[in-house]
Amino acid sequence: MAPHRSFSSLLVALCLWCCCSSSAIAAEIAVTVRDSRGAPVRDAVIYALPVTGKAPPARRQKVEVQQRDQQFLPYVSVVQTGSAVLFPNNDDVKHHVYSFSPAKKFELPLYAGTPAEPIVFDKPGVVTLGCNIHDWMIAYVLVVPTPWFAVTGADGAAQLRNLPAGAYDIEAWQPRLRNQAQPPRQRVNLPAQSSTAFQLDLKPEVRLRRSPTDSGDGYR
Amino acid sequence: MNLLPFRFRTFRGRLSFFFLSLVALLLATTFLIVLQANRRHAQRQIEDNLRAGSRIFSTLTERRLDELNEQARLLAYDYGFKQAFGSSADDPGTMRLAMQNFRDRIRASFMVLVSLEQQTLYDSDASKRDGAPFDLPDLINAAEAHDALEARGLVLRDGQLFAAVVVPLLTPEPAAWICLGFRIDDSSARELGVLTNLDVSFFAQTGEARGSLLASTLPDTRRQELLAAWPRRGQTAPEPTQMELGQVPFVTLIEPLEVRHGRVAVALQRNLREELLPFRALETALIALGVAGLLLSIIAVVAISGSVSRPVLRLAENARRVESGDYSPQPGEESERRDELGQLARSFQNMTEGLAERDKVRDLLGKVASPAIAAELTSRPLTLGGEEKKVTVLFCDLIDFTPLSERLTPSELLEVLNAYLTAMSRIVDAHGGVIDKYIGDALMALFGAPLEMPDQAAAALRTAGEMRTALRELNQRLFPEGEDALRFGIGIHTGIVIAGNVGSPTRYNYTVLGDGVNIAARLESLTRSADYATDIIVSEATLQESTETFRTRPLGEAPVKGKQELVKIHALLE
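Just so you know, the protein sequences line up as chains A and B, in that order. Numbering that gives the first Met the number 0 applies: residue 0 is where the first sequence begins, and numbers increase by one. Numbering that gives the first Met the number 0 applies: residue 0 is where the second sequence begins, and numbers increase by one.
Shown next as structure tokens:
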């Protein structure tokens with residue numbers, strides 16, 4: 000698995016380089032996300048939409064949302080519209096992954112291992128993932144019409160790289176965002192601007208209690 | 000001091016009355032104390048039952064809501080339902096049918112799917128509500144505020160009471176609210192009633208009107224009475240109070256229920272009459288016990304007072320007999336008793352015997368002495384000595400009795416003598432005289448001693464006259480042929496004598512001593528002299544003393560033995 004993975008990252012880096020070289024200067028911008036009380040927000044998705052409206056089409060990237068220890072990993076994923084996502088099951092129990100989200104309704108009835116066919120996310124929007132037999136399992140896939148996106152870490156910071164110079168609308172989204180219909184948006188000019196910050200209005204965190212037979216802290 | 004408005008004629012009655020009063024008082028006091036304690040205990044027990052019922056009611060309601068919550072939660076995780084919801088935009092008909100199916104599966108009364116914006120998405124029963132704001136927003140707000148995004152409680156909806164729960168539809172994050180309602184109707188009330196052993200009634204208090212009864216365990220007639228008796232709006236009875244439903248008292252506890260979208264109170268009631276049945280039975284038993292105790296007391300008191308008063312009555316009867324002079328012994332069981340009454344009976348018997356003895360003595364005394372002397376002797380303390388008194392002494396002796404006594408046998412002689420003395424004595428007695436003594440065939444009588452006698456001289460003279468007549472009649476009876484007739488001589492004199500007890504301290508006679516006695520004896524002996532030719536000689540002193548005039552013949556003066564002067568004497572004529 001490891002050699003395969005390093006190969007794919009090399010491929011991505013090569014492609015990005017090609018991209019940048021073709022559109023003259025490649026810019027990057029650092030984004031920090033905080034909540035209304037100023038605390039860094041993790042699992043926030045940052046993505047840049049070119050003001051001109053032309054975003055490069057999605058490349059055939061391989062995205063995975065795996066199930067490990069009866070949790071989805073990662074909790075928040077972001078893909079460009081048209082991406083295919085695999086849901087490998089790394090547990091020794093089966094899972095029943097589903098989504099009733101309008102952006103993508105699908106269902107992977109009780110399965111083990113990695114399904115042969117990936118799920119293609121062909122519409123932008125939020126896709127909430129659940130498992131029918133593990134009520135506490137939840138994950139989000141944000142489908143965005145742009146290849147420039149990132150997810151904040153525990154420090155609430157993320158970096159958008161390799162953007163061609165120009166004007167962008169940067170949006171920030173988080174599962175707990177109160178106004179899901181209209182995520183906050185900022186217009187930036189690259190490469191003139193090298194950083195920006197978002198303050199998100201979040202709902203309090205609600206997590207379902209995990210079945211007590213499981214190991215772990217009981218929460219997702 | 001008589002506190003009673005009436006008087007008992009018998010000791011027995013008084014005894015019985017006081018004993019029974021005491022017993023009745025004791026019984027009544029005991030009864031009242033027990034009754035009061037019983038009532039208090041009953042009241043407390045009923046109130047405790049009611050409060051316990053109230054707690055059970057609260058707990059049951061909580062439990063029921065918990066159950067409903069669990070059921071609703073299970074439903075919310077149903078994958079088929081989630082799928083139906085996921086495709087509901089294209090197929091609302093299926094969604095509604097699915098909801099009706101789920102509603103029936105858990106026997107709920109209604110099921111509503113509410114959007115996160117609190118718009119009614121689907122109502123299992125009324126599609127016309129779809130799209131309208133949900134009518135129980137408080138419940139949703141409560142769920143939103145809750146950690147587990149759940150809420151439950153009692154709600155008033157369309158004039159009916161429901162236990163309602165709200166749970167989120169998780170796909171897997173909250174996509175909508177599921178609200179389930181379970182109607183609280185008469186059968187729910189009955190179930191609660193059976194478990195709490197109370198009558199349970201739910202009452203909506205809406206607006207100014209008295210409101211309406213939502214559900215109850217009471218029969219229809221009682222419901223109307225409960226509605227009429229229900230306190231005014233906003234009032235409750237957090238402490239047990241008494242409420243009359245058709246003349247039947249109910250202990251009632253009215254508590255407000257925590258209800259969303261309305262004001263509802265619950266009345267928990269218990270039929271006081273039924274509740275008091277065991278206590279009434281106890282009271283009846285107490286009364287019966289009291290009456291039985293009283294009856295037993297009456298019997299006991301009557302028996303005891305009888306055992307006291309019967310011997311007393313018999314003693315009283317004996318006393319009456321003794322009073323009338325009957326001293327014959329009356330053996331009774333009383334004297335066998337060992338108690339005070341036995342002592343009394345024995346003392347009484349002894350006393351009777353003593354009285355009989357004394358009467359016998361007195362009788363004897365009256366026979367040997369004259370009754371007047373016997374009375375004089377017994378009336379005063381017996382002492383030797385006497386007093387000076389003016390007394391008329393009558394001396395009477397048979398003359399020429401010795402030849403007769405030689406001719407008759409002693410018993411014949413005694414018979415004649417007794418007949419004679421009896422006749423004479425009777426005349427003396429009849430005139431108030433007193434026989435002082437018999438001396439052989441002679442007798443000595445006193446007039447004026449021991450009792451004072453105003454006309455003593457006349458009485459003595461009349462006595463002497465009658466004695467003469469009596470002797471004649473006696474002679475005719477004893478000696479019809481006229482041979483051997485008895486003759487007597489009588490001497491009468493009035494003078495001062497000493498009258499009193501004469502003898503030794505152990506034995507003495509009442510008698511008179513002095514010249515008067517001697518003169519009377521002397522005058523009697525003068526009758527034997529043929530010169531005077533009379534059988535009765537009276538002294539001048541007696542004639543002067545007499546208040547009556549008698550026919551007499553003066554006999555001149557006669558010397559008297561032992562006296563210097565002569566005594567003027569007279570013969571008493573017929």
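Here a beta-carbon is modelled for each residue, glycine too, at the ideal position from N, C-alpha and C. Note that the structure is predicted; figures quoted are calculated from it, not measured.
Around the CB of H569(B), 16 or more other CB atoms lie within 10 Å, so the residue is classed as buried. Rounded to the nearest angstrom, the Cβ distance from A264(B) to E243(B) is 19 Å, too far for a contact under 8 Å. Taking 9 Å as the Cβ-Cβ cut-off, the stretch 83 to 104 of chain A approaches chain B at H95, Y97, S98, F99, S100, P101 and K104, given in chain order. Contact between A444(B) and G431(B) fails: their C-beta atoms lie close to 10 Å from each other, not under 8 Å. Nearest neighbour of V111(B) by Cα position, chosen from D122(B), I139(B), I105(B) and R104(B), turns out to be D122(B).
L135(B) and R259(B) have their alpha carbons spaced roughly 8 Å apart. Contact with chain A is found for G85(B), since one of that chain's Cβ atoms lies less than 7 Å from the residue's Cβ.
Beta-bridge analysis with DSSP links D68(A) to no other residue. With a cutoff of 7 Å on beta-carbon distance, S304(B) and R11(B) are scored as near each other. Bridge pairing for H569(B): V537(B) and P553(B) [DSSP].
Within the stretch 138 to 198 of chain A, the runs of beta strand (DSSP E) that reach at least 3 residues and sit entirely inside it are, in chain order, 148 to 150, 156 to 163, 165 to 172 and 184 to 189. Ranked by Cα distance from P218(B), the first of S346(B), S211(B), S200(B) and K127(B) is S200(B).
G555(B) and Y326(B) have their alpha carbons spaced roughly 58 Å apart.
Distance from the CA of E451(B) to the CA of A498(B), rounded to the nearest whole angstrom, comes to 12 Å. Counting only residues of its own chain and dropping the five nearest sequence neighbours on each side, A318(B) has a CB closer than 8 Å to the CB of F347. Using a Cβ distance threshold of 7 Å, T493(B) and T391(B) count as a contacting pair.
The beta carbon of K93(A) is closer than 7 Å to those of L109, Y110 and A111 in its chain, skipping five residues each way along the sequence.
The beta-carbon distance between L194(B) and L49(B), rounded to whole angstroms, is 14 Å. This is too long to meet the 8 Å contact definition.
Secondary structure of Q118(B) (DSSP, three-state): strand.
Shown here, M443(B) sits in a strand according to DSSP, grouped into three states.
DSSP places E482(B) in no alpha helix (DSSP H); its state is neither H nor E. Here the C-alpha atom of A174(B) lies approximately 30 Å from the C-alpha atom of G158(B).
Contact residues of the stretch 105 to 129 of chain A toward chain B are T127 and G129 (C-beta to C-beta distance below 7 Å). Checking the DSSP bridge columns, you'll see H133(A) partnered with C130(A). For N88(A), the pairing in a beta bridge is given by DSSP as Q66(A) and G112(A). When 7 Å is used as the limit between beta carbons, Y78(B) is near these residues of chain A: N131, in chain order. With respect to the 7 Å criterion, T119(B) and D129(B) are classified as neighbours on the basis of their beta carbons. Ranked by Cα distance from P132(B), the options A459(B), R95(B), W176(B) and R151(B) are led by W176(B). Using beta-carbon distances, T216(B) does not count as an interface residue toward chain A, since no partner is under 7 Å.
In this chain, the beta strand (DSSP E) harbouring R506(B) covers R506 to L512. Remark: fewer than three beta-carbon pairs, one from each stretch, lie closer than 8 Å, so the stretch 286 to 295 of chain B and the stretch 159 to 174 of chain B are not flagged as touching.
In the pairwise beta carbon analysis, the stretch 533 to 553 of chain B is classified as touching the stretch 446 to 462 of chain B: at least three pairs are separated by under 8 Å.
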